[in-house]
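Asker: Before anything else, here's the structure in question.
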Amino acid sequence: MKSIEIRETGDPSVLYLVERPSPKLTGPEDILVKLAAAGVNPIDTKIRQRGPMLPAGFPAVLGCDGAGVVEAVGDEVTRFKPGDEVWFCHGGLGGPIGTYAEYMVLDNHLAQAKPRSIDMIEAAAAPLVLLTAWEALHDRARLHEGQRVLIHAGAGGVGHVAIQLAKAAGARVCTTVSSSEKASFAHSLGAEYCINYQEENLVESVMEWTEGQGVDIALDTVGPAVFRQTIPAMAHYGDLVTILDPGPELDLKEARIRNLRISLELMLTPMLRDVPRARVQQGEILRRCAKLIDRGDLRIHVADRFSLDQAAEAHTLIEQGHTTGKLVLTPS
């Protein structure tokens, strides 16, 4: 089968299109999936730059998101049969298992039935960002109806689904964007107020929108500088969540005075530390998101699709940092 692997760290040129033996079922609870598409995420570019996150190391097939059709099932699999359409977030952190390939074998409990109302391309783009946004808002920040929520980079992969999840929960949403086009996109997703961070002061804009109270919840998807800038925009006793390392140089005096609850979100933890209970919870999140999608309350925006041999182009776009929504790779 065709796959994209890395044998060393480096720029996008280290992404090699290779032929590998097609994987086989190895356990009674495994399923073999013929992949229709794989999502491309910033974590893929970081692993390419810094190296695998798991001991299996090189060579590594990247890709955490996937969607496809079940081709074969193990003797003890009752949840799926050949021909079923599935989506999942699994692999891609080190070693041969990843979704930048034509086939993948995984435990059937790690896959879920694909939402009926979207195609494989959209489904493959969704799991990692949906899990990240859901865990950040619902599990870390304890989102509830009526709260005011700030989503940074609302036109990005995590941001564009976070806006919709917050809106679906009955929250009022503002977001940061870099252009009027991205503001229009964010408004179409349910954002009430957009802040052009290149032209407007974040704290002043948030305080104007919240009548001087600050936001109840903020989700940082950008990095340390934005994390620090967001603290004075928070309401007292609010929840500030970041999906990135906030960095070593943190002055938390204002956060302490505001009595903020600060949370770190990494949806990869169940894969990195083998936490079965968390994998079950993530499966339930995907099931809930599938219902929202099929109900029309959540959509996945795919900005562009590339073939496997164009993986380097997709990585280059991701690293430029201006992609709207998600990018996807297809086997052909």
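Residue numbers for the sequence shown, in full-length UniProt numbering: 1 to 332. The beta-carbon is built from N, C-alpha and C at its ideal position, and this holds for glycine as well.
Whole angstroms is fine: what's the gap from residue 220's alpha carbon to residue 242's?
Answerer: 5 Å
Asker: Answer with buried or exposed for residue 127, where buried requires no fewer than 16 other C-beta atoms within 10 angstroms of its C-beta.
Answerer: buried
Asker: Per DSSP, what are the beta-bridge partners of residue 289 in this structure?
Answerer: Assignment of beta-bridge partners to residue 289 by DSSP yields no partner.
Asker: Tell me which residue opens and which closes the beta strand (DSSP E) that residue 2 is part of.
Answerer: Start and end: 2–6.
Asker: Kindly indicate which three-state DSSP category residue 196 falls into: helix, strand or coil?
Answerer: strand
Asker: List, from N- to C-terminal side, the beta strand (DSSP E) runs of 3 residues or more that fit wholly inside the segment 102–167.
Answerer: 103–107, 111–113 and 148–151
Asker: With H, G and I counted as helix, E and B as strand and the rest as coil, what does DSSP make of residue 316?
Answerer: helix
Asker: Using the DSSP secondary-structure output, state which residues sit across from residue 65 in a beta bridge.
Answerer: 89
Asker: Does DSSP put residue 306 in a helix, a strand or coil?
Answerer: strand
Asker: Quick check on residue 37: does DSSP put it in helix, strand or coil?
Answerer: Here residue 37 sits in strand by DSSP.
Asker: Counting only runs of 4+ residues fully inside the segment 197–230, write out the alpha helix (DSSP H) ranges in chain order.
Answerer: 202–209 and 224–230
Asker: Does the beta-carbon of residue 188 have 16 or more other beta-carbons within 10 angstroms, so that it is buried, or is it exposed?
Answerer: exposed
Asker: Going by the CB atoms, is the gap between residue 218 and residue 150 shorter than 8 Å?
Answerer: yes
Asker: Just confirm the distance between the C-beta atoms of residue 105 and residue 133, as a whole number of angstroms; I'd bet it's less than 8 Å.
Answerer: Not confirmed; about 28 Å, so no contact.
Asker: Compare the beta carbon distance of residue 89 and residue 119 with 8 Å and say whether it is the shorter of the two.
Answerer: It is not a contact, given that the beta carbons lie outside the stated cut-off.
Asker: Starting from residue 260 and walking both ways along the beta strand (DSSP E), at which residues does that stretch end?
Answerer: Residue 260 -> no beta strand (DSSP E), and no H or E assigned at all.
Asker: For a test of the three-state rule: what should DSSP assign to residue 242, helix, strand or coil?
Answerer: strand
Asker: Give me the DSSP bridge partner(s) of residue 72.
Answerer: 32
Asker: Helix, strand or coil for residue 272 per DSSP?
Answerer: helix
Asker: Just mark residue 56 as buried or exposed, buried being the case when its beta carbon has 16 or more other beta carbons within 10 Å.
Answerer: Answer is exposed; the Cβ neighbour count stays below 16.
Asker: For residue 186, I'd like the list of residues in its chain whose CB is within less than 7 Å of its CB, leaving aside the five on either flank, ordered along the chain.
Answerer: Same-chain partners within the cutoff: 154, 155, 163, 175, 177 and 194.
Asker: Using CA atoms only, rank isn't needed, just tell me which of 145, 236, 306 and 41 is closest to residue 268.
Answerer: 41
Asker: Going straight from the alpha carbon of residue 111 to that of residue 224, what length do you get?
Answerer: 33 Å
Asker: Any idea which residues DSSP pairs residue 280 with across the strands?
Answerer: Residue 280 is not bridged to any residue.
Asker: Does residue 48 pass the burial test, meaning 16 or more other C-beta atoms within 10 Å, or should it be called exposed?
Answerer: Burial call: buried.
Asker: Assuming contact is defined by CB atoms lying nearer than 8 Å, are residue 237 and residue 259 in contact in what I supplied?
Answerer: yes
Asker: Give the range of the alpha helix (DSSP H) segment to which residue 9 is assigned.
Answerer: Here residue 9 belongs to no alpha helix (DSSP H), and DSSP marks it neither H nor E.
Asker: I need the straight-line Cα distance from residue 274 to residue 208, nearest angstrom please.
Answerer: 44 Å
Asker: Where residue 182 and residue 99 are concerned, what is the direct C-alpha to C-alpha distance, given to the nearest angstrom?
Answerer: 29 Å
Asker: Do residue 44 and residue 92 have their CB atoms nearer than 8 Å?
Answerer: yes
Asker: Within 10 angstroms of its Cβ, does residue 184 collect 16 or more other Cβ (buried), or is it exposed?
Answerer: exposed
Asker: Express the C-alpha separation of residue 297 and residue 311 in angstroms, rounding to a whole number.
Answerer: 31 Å
Asker: Quick one: measure Cβ to Cβ for residue 292 and residue 37, integer angstroms, because I've assumed they're closer than 8 Å.
Answerer: About 20 Å separates the two Cβ atoms, so there is no contact after all.
Asker: Which residue's Cα is closest to the Cα of residue 249: 191, 228, 261 and 123?
Answerer: 228
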